[in-house]
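Structure first, then comments.
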Amino acid sequence: AGRSAVLRREAVVTTVPFALAALLAAAGPAAAATAGAPGAGDPYFPLEGNGGYHVVHYGLTLRYDPKTRHLDGRAVLTARATQRLSRFDLDLTGMKVSGVSVDHVKAAFRRDGQELVVTPPTVLRDGRDFRVTVTYDGTPKPVTDPDGSQDGWIPTDDGAFVAGEPQGAMTWFPANGHPTDKSSYDFTLTVPKGRTAVANGVLLGRTTSGGTATYRWRQSEPMAAYLATATVGTFEVEQYTTRGGVRVYNAVDPREAAAAAPVLKKLPSVLDWESGLFGPYPFRAAGAIVDHAPSVGYALETQTRPLYDSAPDVSTLVHESAHQWFGDSVSLTRWKDIWLNEGFATYAEWLYSEQHGGDSAQKSFDALYARPAGDALWAYPPGDPGGGAHLFGAPVYARGAMVLHELRKAVGDRIFHRILRTWATTHRDGHGTTDGFTALAERESGRNLDGLFRTWLFTKGKPDRA
Ligand code: ARG
Ligand code: ZN
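Reading the sequence shown from the start, the letters are residues -32 to -1, 1 to 434 in mature numbering (1 follows the signal peptide of the UniProt record, and there is no 0).
So this is what it looks like as structure tokens:
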């Protein structure tokens, strides 16, 4: 039905009969050639993201009832075609879609696994701005990742823990869900009175009506879909503005409050310390969501406002804060380069410890290097984890940090710090690749670092002592 609708539109403007015949003859392949790709082309998650358009802005209006676990959603995406587009996909799994429109005109759609396939009423020319509205509802469920962990909309006893790395955004909103596509976001979140709904960025306002409370959040700087959150719970809230003008909003589950308080008190000083190393803090908002979600088993660097499944220790706070530069502001271009996020955030922990009376980075390195050749740490190289199941393993985090320590020893502290800072500032609100990083390291140091990166980043097994 979608294809013939497209044809009919084009036929209207094609008045020369033989041109019409040619168009009809070419309809099949031509329509296929202008369909947006179902994925962004990342071998780790082939269907994540979509081809043919860029989402400039998401407007998400959600209503969640923790009791029934029912989510009502309306997503308005402001997008731009990056090719001639007869059809395009969004990522969405579960949920019931009740309507899709493109530029306020009803559009045909179908579901195909995690793809929501939309046929706009007219073919969109390359470069055209368009608006997609999707209304949907249902009981969102998390996805199970290749490593067995869950992400996405994860119900808790008083709300939901909402974390999307690496593929959970599609469990709660229709997305162009690969980190190559970054967008601004507005959230309007309605929950029962007494619950708090926390998203990314700045709180614009809170209103109540009847038995509900509505929270409006704005994330202005570009954000990858996996870093979006709309976490719901019973939270104690703290708000303040730092001396540098950053708006801080902390939401803490009362069961975690006593343990979280002394750690969250350090947030401004941790962000200052990291700004000193990595360059200006990239966002206008900051904070933390400390949930009580024992089944989750990890924290996530949700943009501006990391999400913890329980009260973090200082190291974890430093780690998720470092991700605001490495992972959030500077995004991955492909999941294979995940060490650019996790190795860097882990090395930030080592540096923090070294400069705050704890173990030196060398000591952290040595303790790891002492592990035998058969240890899981050496199972695969950080620069080539080999698939989605290995994204969050020790070779990415710990050995990823070891790569940076080796680099630091090779080029010296001054140049090492210049490399980190230049990386964060030149790719701010953008993307990076492993090749881009190694090239930068060579440029800044004036050295050929092939051997170092080959050994530490790309070679399987325990490297020999240099
Ligand atoms: N990036 C997070 C962190 O290390 C970990 C996310 C893990 N996600 C998952 N589905 N297991 O800060
Ligand atoms: Zn991390």
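Using N, Cα and C, we set each Cβ at its ideal position, and we do this for glycine too.
Please read these numbers as outputs of a predicted model, since none were measured by experiment.
Worksheet item: Mind checking residue 222: buried by the 16 CB within 10 Å criterion, or exposed?
Response: It is exposed - the Cβ of residue 222 has fewer than 16 other Cβ atoms within 10 Å.
Worksheet entry | Closer than 6 Å: residue 119 CB and nearest the ligand GDP heavy atom | Of the ligands this structure carries, namely the ligand ARG and the ligand ZN, none is the ligand GDP.
Discussion item. Taking the alpha-carbon of residue 424 as reference, which of 72, 163, 347 has the nearest alpha-carbon?
Written reply: Minimum Cα distance to residue 424 is reached at 347.
Discussion item. Can you tell me which residues form a DSSP beta bridge with residue 73?
Written reply: In DSSP, residue 73 forms a bridge with 70.
Worksheet item: When the distance is taken between beta carbons, is residue 114 closer than 7 Å to residue 362?
Response: No Cβ-Cβ contact shorter than 7 Å links residue 362 with residue 114.
Practice prompt. Could you give the DSSP three-state label for residue 323: helix, strand or coil?
Written response: The answer is helix: DSSP assigns residue 323 an H, G or I state.
Worksheet entry | Separation of residue 32 from residue 305, as counted between CA atoms | Rounded to whole angstroms, residue 305 to residue 32 spans 35 Å at the Cα level.
Fill in: Any heavy atom of the ligand ZN nearer than 5 Å to the CB - residues listed
The filter returns 310, 313, in chain order.
Worksheet item: On the three-state DSSP scale, how would you describe residue 331?
Response: Helix, per DSSP.
Item to complete: Taking only heavy atoms of the ligand ARG into account, decide whether any of them is closer than 6 Å to the Cβ of residue 277.
Response: No - the ligand ARG has no heavy atom lying nearer than 6 Å to the Cβ of residue 277.
Item to complete: If I'm right that residue 93 touches residue 45 with Cβ under 8 Å, what's the distance once you round it to whole angstroms?
Response: Actually they are not in contact, since the Cβ atoms of residue 93 and residue 45 sit about 18 Å apart, beyond 8 Å.
Fill in: Buried or exposed (CB count within 10 angstroms, at least 16 for buried), residue 239
With 16 or more other Cβ atoms inside 10 Å of its own Cβ, residue 239 counts as buried.
Worksheet item: From which residue to which residue does the alpha helix (DSSP H) around residue 191 run?
Response: DSSP places residue 191 in no alpha helix (DSSP H) but in the uninterrupted beta strand (DSSP E) bounded by 180 to 192.
Practice prompt. Determine the direct distance from the alpha carbon of residue 420 to that of residue 375, and round the result to whole angstroms.
Written response: As the crow flies, the alpha-carbon of residue 375 is around 7 Å from that of residue 420.
Discussion item. Using the Cβ count rule (16 or more neighbours within 10 Å means buried), how would you classify residue 369?
Written reply: Burial state of residue 369 is buried, judged by a 10 Å Cβ sphere holding 16 or more other Cβ atoms.
Discussion item. So within the segment 351 to 410, which uninterrupted alpha helix (DSSP H) runs reach at least 4 residues, ignoring any that extend past its ends?
Written reply: Qualifying alpha helix (DSSP H) stretches, in chain order: 362 to 379, 381 to 394.
Practice prompt. Could you tell me which of 69, 150, 88 sits nearest to residue 52, measuring between CA atoms?
Written response: Closest option to residue 52, Cα to Cα, is 88.
Item to complete: Mind reading off the beta-carbon distance from residue 21 to residue 48? Whole number of angstroms is fine, and I expect it under 8 Å.
Response: Contact between residue 21 and residue 48 holds, since their C-beta atoms are separated by about 6 Å, short of 8 Å.
Worksheet item: What residues in its chain sit with their C-beta under 7 Å from that of residue 430, if we drop five residues either side in the sequence?
Response: If we look at residue 430 and ignore the five residues flanking it on each side, its Cβ neighbours are 341, 346.
Item to complete: Would you decide whether residue 367 is buried or exposed? Buried here means 16 or more other CB atoms lie within 10 Å of its CB.
Response: Flag for residue 367 reads buried.
Worksheet entry | Best match in 157, 324, 188, 67 for proximity to residue 79 [C-alpha to C-alpha] | The shortest Cα separation from residue 79 among 157, 324, 188, 67 belongs to 67.
Worksheet item: Within 10 angstroms of its Cβ, does residue 395 collect 16 or more other Cβ (buried), or is it exposed?
Response: Looking at its Cβ environment, which holds 16 or more other Cβ atoms inside 10 Å, residue 395 is buried.
Discussion item. Pop quiz: residue 108 and residue 179 are said to be a contact at Cβ under 8 Å. What is the actual Cβ separation, rounded to whole angstroms?
Written reply: Contact doesn't hold; Cβ gap of about 21 Å is too wide.
Worksheet entry | Continuous beta strand (DSSP E) assignments of at least 3 residues falling wholly in the segment 115 to 147 | DSSP runs (the beta strand (DSSP E)) wholly in the segment 115 to 147: 118 to 123, 128 to 131.
Worksheet item: Which of helix, strand or coil does DSSP assign to residue 16?
Response: In this structure, residue 16 counts as coil in the three-state DSSP scheme.
Discussion item. Is the separation between the beta-carbon of residue 317 and that of residue 278 shorter than 7 Å?
Written reply: Between residue 317 and residue 278, the C-beta spacing is not below 7 Å.
Worksheet item: Under the DSSP definition of a beta bridge, which residues are partnered with residue 204?
Response: For residue 204, which the question treats as bridged, DSSP gives the partners 220.
Worksheet entry | Range covered by the alpha helix (DSSP H) that runs through residue 288 | Residue 288 -> alpha helix (DSSP H) spans 282 to 291.
Worksheet item: Does DSSP classify residue 263 as helix, strand or coil?
Response: Of the three classes helix, strand and coil, the one that applies to residue 263 here is coil, per DSSP.
Practice prompt. Taking only heavy atoms of the ligand ARG into account, decide whether any of them is closer than 6 Å to the Cβ of residue 360.
Written response: With a cutoff of 6 Å, residue 360 counts as near the ligand ARG, since its C-beta is closer than that to a heavy atom of the ligand.
Item to complete: Pick helix, strand or coil for residue 227, following the three-state DSSP scheme.
Response: DSSP, read as helix, strand or coil, puts residue 227 in helix.
Practice prompt. Using beta-carbon positions only, say whether residue 272 and residue 294 come within less than 7 Å of one another.
Written response: Taking 7 Å as the cut-off, the beta carbon of residue 272 is found no closer than this to the beta carbon of residue 294.
Discussion item. If you reduce the DSSP assignment to three classes, tell me which class residue -7 lands in.
Written reply: With a pLDDT of only 45 at residue -7, under 50, the local geometry of the prediction cannot be trusted, and the value read off the model is given with reservation. Residue state for residue -7 is assigned as helix, using DSSP reduced to three classes.
Fill in: Whether residue 373 touches residue 329 by CB criterion (7 Å)
Yes, these two residues count as a Cβ contact at 7 Å.
Item to complete: Buried or exposed for residue 244, please, with buried defined as at least 16 other CB atoms from any protein chain shown within 10 angstroms of its CB.
Response: Note on residue 244: under 16 other CB atoms within 10 angstroms of its CB, so exposed under the neighbour-count rule.
Worksheet item: How is the alpha helix (DSSP H) around residue 238 delimited, first residue to last?
Response: In the DSSP assignment, residue 238 falls within the alpha helix (DSSP H) that extends over 235 to 246.
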